[in-house]
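Sequence order for the protein chains is H and X. 12 is the number of the first residue of the first sequence in this note's numbering; add one for each residue after it. 251 is the number of the first residue of the second sequence in this note's numbering; add one for each residue after it. Single-structure report; data block below.
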Amino acid sequence: MRRAMSKPQPMKSVLVVRHHLIELIEHWAIAISGLALFFSGMFELPMANRYYVTSLPGLGWSGDFLVSLNVHYAAAVVFIIACVFHVVYHGLKHETGMLPRKGDLKQSVEVIKTFFGKGEEPPFAKYLPEQRLAYVGMAVVIAFLIFTGLFKTWKNILAPDMNLTLVLWATWLHNLFFIMFFLAFLAHMAAIILKPNRPMVRGIFTGRVRRDYAEHRHPLWIRDLEGPQAPRPEPAPQAAAQDSVQEDEPGKTAPQEAAEPDVKG
Amino acid sequence: MHEKRKQGISRRSFLKAAAGAVGAGTILPQAAQASGGDSVATLIDLSRCDGCPGRYVPACVEACKAEHIPGMPAPVDPIPVPFPRAVIEDWSKKQEVSDRLTPYNRIFVQQAIVEFQGYKHTISIPRRCMHCDNPACATLCPFSANHKQANGAVVIDPDLCFGGAKCRTLCPWEIPQRQSGVGLYLHVLPTLMGNGVMFKCDLCSARLKEGQKPACVEACPRQAMLIGPREEIFLDAEHRARQMQGFIYGKAENGGTGTLYVSPVPFEVLDQAVKKGKGRPGLAPVKRKMDATDTLGAVTLAAPAVGLVAGLAGSIKSLADRRAKESKDEARHE
Chain H
12 MRRAMSKPQP MKSVLVVRHH LIELIEHWAI AISGLALFFS GMFELPMANR YYVTSLPGLG
72 WSGDFLVSLN VHYAAAVVFI IACVFHVVYH GLKHETGMLP RKGDLKQSVE VIKTFFGKGE
132 EPPFAKYLPE QRLAYVGMAV VIAFLIFTGL FKTWKNILAP DMNLTLVLWA TWLHNLFFIM
192 FFLAFLAHMA AIILKPNRPM VRGIFTGRVR RDYAEHRHPL WIRDLEGPQA PRPEPAPQAA
252 AQDSVQEDEP GKTAPQEAAE PDVKG
Chain X
251 MHEKRKQGIS RRSFLKAAAG AVGAGTILPQ AAQASGGDSV ATLIDLSRCD GCPGRYVPAC
311 VEACKAEHIP GMPAPVDPIP VPFPRAVIED WSKKQEVSDR LTPYNRIFVQ QAIVEFQGYK
371 HTISIPRRCM HCDNPACATL CPFSANHKQA NGAVVIDPDL CFGGAKCRTL CPWEIPQRQS
431 GVGLYLHVLP TLMGNGVMFK CDLCSARLKE GQKPACVEAC PRQAMLIGPR EEIFLDAEHR
491 ARQMQGFIYG KAENGGTGTL YVSPVPFEVL DQAVKKGKGR PGLAPVKRKM DATDTLGAVT
551 LAAPAVGLVA GLAGSIKSLA DRRAKESKDE ARHE
């Protein structure tokens with residue numbers, strides 16, 4: 012606040028766009044349909060009746076395997092469309108910022124150590140090294156779930172007598188990756204519990220994160236966002252960041268466009 | 251004796267015998283010789299079955315028991331009590347039960363005394379798994395322990411089954427029967443997950459692989475049960491139904507099955523007359539419930555294509571917008 016008074020920033024916003032609308036839609040479509048897939052998949056096991064889940068309000072349907080199969084299919088439609096769209100859309104636009112880079116594994120270990128008070132975090136690009144690794148891990152899990160799930164769906168409708176070995180592989184891989192999906196989901200949730208990551212939570216709901224957080228933790232991203240000629244950004248005042256939501260106006264370009272190629276970095 | 255007989259019949263001699271038996275109304279499972287290939291079907295002619303009067307249990311039931319009981323695993327003692335529903339199904343001490351389906355009794359004969367067109371009929375109806383064309387019990391088994399084989403037999407693998415009884419819930423006739431205290435679940439989470447192994451007729455799959463007929467078919471003294479290539483069995487069933495001005499059950503039930511009953515009495519009438527309940531299925535018409543999920547399943551199969559098209563369209567538009575913006579910026583700078 013004191014700094015802002017002594018040296019006013021020309022329309023320097025307090026928030027910066029981290030995710031565009033299309034990315035938010037992708038994320039939430041995958042997240043919500045993924046959870047629906049998880050629970051309807053659980054209900055394909057003979058457990059809802061056994062464990063009285065059917066007695067819970069609104070879950071009377073959970074004991075009906077065909078209803079839960081329809082829920083599973085409906086969620087799978089959203090999930091698959093969102094995942095394929097994500098790969099094609101960002102792939103064709105060469106937006107590869109979430110893909111792992113050389114040294115990510117080693118750097119991830121260092122970053123995780125800092126969560127426990129050992130050492131200091133290095134300056135980050137838009138995504139943390141462990142985020143990039145987790146992204147690939149989740150992508151592999153999801154890819155297996157989709158392929159095996161489609162295979163099982165094909166069998167259900169068109170080929171009930173297909174080769175047993177293939178069916179067993181598809182079924183058990185689907186079950187295995189179902190467990191891994193759940194573990195990955197838990198890890199994803201655990202990551203946002205960590206204090207340093209919490210400012211990012213806002214981003215996945217609103218698309219924007221606090222500029223002071225971004226400048227402090229993701230200076231490489233902000234540098235890319237504002238162009239190489241841009242001066243090092245000064246920390247934004249904490250107080251101003253609390254309520255005001257200004258459109259980002261970094262460097263030479265408008266915020267939306269400036270944020271457009273950021274995943275390259 | 252039984253083993254001797256098994257070893258004594260070669261595939262060639264079996265086929266020879268089969269060819270000779272066609273004239274007597276017995277069509278042989280040529281297609282089932284190697285468990286693969288074309289599927290087989292069975293025909294149960296209720297005008298021929300008399301329930302084996304004078305026998306303690308019908309011949310088919312006795313043969314089935316003799317074929318399968320020796321291979322039944324013994325349940326652990328005590329059987330773990332499942333949590334939270336403490337339901338244990340233990341038939342090991344009631345192996346002799348023969349008037350309903352149990353893990354130890356995979357075929358039984360229902361009796362129906364009915365009046366039809368002014369005549370009194372006593373109909374005996376051997377009941378077992380129908381071996382459906384697209385069986386939900388198999389396709390929706392969460393561990394693929396139950397599977398429809400290429401020869402048409404729907405077979406539960408007791409080494410993979412957890413005994414959750416989902417197959418029984420999904421089966422319109424509730425055919426599979428559970429034996430608690432046996433199987434894989436004992437080695438995983440015996441009180442929390444699973445409850446035994448489901449058992450049902452497997453069309454004597456092991457015998458089919460060896461070129462033999464199912465035990466019940468072979469044992470029937472009146473050739474009331476036949477097995478053979480599906481198309482031939484279906485033709486035979488139509489022929490018999492025409493001849494006796496009778497009725498067929500199993501052709502359309504649950505979307506089609508591999509078991510056709512032919513009867514001189516309508517099956518709705520028989521359904522009213524037979525004793526029904528747990529392990530005693532009825533004979534009412536049955537629609538395939540999984541039809542209700544096929545539409546969304548088909549949409550699921552199309553989803554990757556939809557995602558691909560949407561991704562292509564979205565990225566092309568976005569790239570075009572970016573280029574237009576860059577051109578505009580360049581023009582502005584100039």
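A virtual CB, placed ideally from N, CA and C, is assigned to each residue, including glycine. As the structure is a computational prediction, the values presented were derived from the model and not from experiment.
* Asked: Once you ignore the five residues that flank E141/H on each side, which residues in its own chain have a CB closer than 7 Å to its CB?
  -> Short of 7 Å from the beta carbon of E141/H, and not among the five residues preceding or following it, lie these beta carbons of its own chain, in chain order: S119, V122, I123.
* To do: For the stretch 372-389 of chain X, enumerate the residues whose C-beta is nearer than 9 Å to any C-beta of chain H, in chain order.
  => C382, D383, N384, P385, A386, A388, T389
* Asked: Quick one: any contact between the stretch 347-365 of chain X and the stretch 516-523 of chain X, if contact means 3 or more CB pairs under 8 Å?
  -> yes
* Mind checking which residues open and close the alpha helix (DSSP H) that includes H621/X? => There is simply no residue 621/X to check, as chain X begins at 251 and stops at 584 in what is shown.
* Proximity below 8 Å, CB of P385/X to CB of V404/X -> yes
* **Residue from A560/X, P554/X, R582/X with nearest C-alpha to G160/H** => For G160/H, the closest C-alpha among the options A560/X, P554/X, R582/X is that of P554/X.
* Asked: Curious, which full-length beta strand (DSSP E) runs of at least 3 residues does the stretch 386-438 of chain X contain?
  -> 396-398, 404-406, 427-429
* What whole-angstrom Cβ distance do T389/X and N167/H have, given they're in contact under 8 Å? -> 5 Å
* Are the Cβ atoms of A465/X and C454/X separated by less than 8 Å? -> yes
* **Chain-ordered chain X contacts of W165/H [CB-CB under 9 Å]** => Simply G547, L551.
* Cβ of L231/H within 8 Å of any chain X Cβ -> No, its Cβ sits nowhere closer than 8 Å to a Cβ of chain X.
* What residues match up with T217/H in a beta bridge as DSSP calls it? -> Answer by DSSP bridge pairing: none, since T217/H is not bridged.
* **Residues from the stretch 137-166 of chain H in contact with chain X, defined by Cβ distance under 9 Å** => The stretch 137-166 of chain H vs chain X, Cβ under 9 Å: I157, G160, L161, K163, T164, W165, K166.
* Which residues share a DSSP beta bridge with H227/H? -> Bridge partners of H227/H: none, in fact.
* Asked: On the three-state DSSP scale, how would you describe C454/X?
  -> It is coil, neither helix nor strand.
* Asked: Nearest-angstrom Cα distance between K370/X and V524/X?
  -> 15 Å
* Asked: Per the contact definition of three or more C-beta pairs closer than 8 Å, is the stretch 68-76 of chain H in contact with the stretch 132-149 of chain H?
  -> no
* Less than 8 Å between the CB atoms is what I'm expecting for D340/X and I329/X, so what's the real figure, rounded? => 6 Å
* Under the three-state reduction of DSSP, which class applies to H583/X: helix, strand or coil? -> Note: H583/X maps to helix in three-state DSSP.
* **Cross-strand partners of N355/X (DSSP beta bridge)** => T352/X
* To do: Classify V212/H as buried or exposed, calling it buried when 16 or more other Cβ atoms lie within 10 Å of its own Cβ.
  => exposed
* Can you give me the Cβ contacts of A47/H inside the same chain, cut-off strictly under 6 Å, excluding the 5 residues immediately before and after it? => A86
* Where the alpha helix (DSSP H) containing M191/H begins and where it ends -> 175-204
* Could you spell out where the alpha helix (DSSP H) holding V120/H opens and where it closes? => 115-126
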